[in-house]
Amino acid sequence: MITPLTWLQVHFKICEYHYPTFVGLAWWAPASYAFVFVLMTLFFPPLERFLTATFAFSSWTLLIEFAGVLAAFLGPIFTTEYPYLMVFILGIYVLFRLGFFHAKWDWLFFLLGATVGPTLQIFLISFDLYHFMDPDFLGIPYWLPLLC
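Mapping the sequence shown onto this note's numbering, position 144 (from 1) lands on 144, and the numbers just tick up by one.
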């Protein structure tokens, strides 16, 4: 799912990969998402056990989660003229998600995503593998930590 959403961001000129090989994406982009997914499936269950966190999702909360992820990836496309609107929308989503549908240790997982994700993005940008069209800070847009 992430690769098509990333392609939409490339198509609408939110980000651009250097040396694209397939529909504007670099060869390593889908592989990197698969790698991160594998790391998450290996890392999160032991972390959940260590923190005694239990995550049980019902079908309607998964639908809300999916809608939030979809809006987060499509949001930069529809708010290019108003970049701070994207920060506002993602901030409301995060507060809503953590305020009403939180599980034990959700704040820790949010902080991990908000720090590790942008750090990896900055690392990739520093090697000139891709870039954002309108970066705000260290080559990334303000909304990226909330997206991660």
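From the three backbone atoms N, C-alpha and C, an ideal C-beta is built for every residue, glycine too. Since we're looking at a predicted model, the values are computed, not measured.
Check the C-beta distance from residue i over to residue j and give it rounded, since I have them as a contact under 8 Å.
i    : j    : result
L90  : L146 : 4 Å
R97  : G68  : 6 Å
V10  : G24  : 4 Å
I125 : G113 : I125 to G113, Cβ: 18 Å. No contact.
Please report the straight-line C-alpha distance between residue i and residue j, rounded to a whole angstrom.
i    : j    : result
Y93  : L111 : 15 Å
R49  : A26  : 36 Å
Q121 : W60  : 31 Å
T79  : V87  : 10 Å
I14  : P30  : 17 Å
L74  : P46  : 32 Å
I77  : L51  : 37 Å
L95  : Y84  : 16 Å
P4   : M40  : 20 Å
F44  : E65  : 17 Å
M133 : F12  : 10 Å
C148 : T115 : 8 Å
D136 : L62  : 32 Å
F22  : W28  : 10 Å
P141 : S32  : 20 Å
Would you mind reading off the limits of the alpha helix (DSSP H) that contains residue i?
i    : result
F109 : D106 to S126
The beta strand (DSSP E) with residue i in it runs from where to where?
i    : result
Y33  : First-last for Y33: W28 to L51, but that is the alpha helix (DSSP H), not the beta strand (DSSP E).
C15  : C15 to Y17
F132 : Y130 to F132
From the DSSP output, in three-state form, read off residue i for me.
i    : result
I140 : strand
F78  : helix
F66  : helix
F73  : helix
F100 : helix
F12  : coil
M1   : Note that M1 scores a pLDDT of 46, beneath 50, so its modelled location is shaky; the value from the coordinates is reported in the next line. In the structure shown, M1 sits in coil (DSSP, three-state: anything other than H, G, I, E or B).
Indicate whether the contact test is met: 3 or more Cβ pairs, each with one atom in the segment 123-138 and one in the segment 18-26, closer than 8 Å.
A contact is defined here as three or more CB-CB pairs under 8 Å, and the segment 123-138 meets this definition with respect to the segment 18-26.
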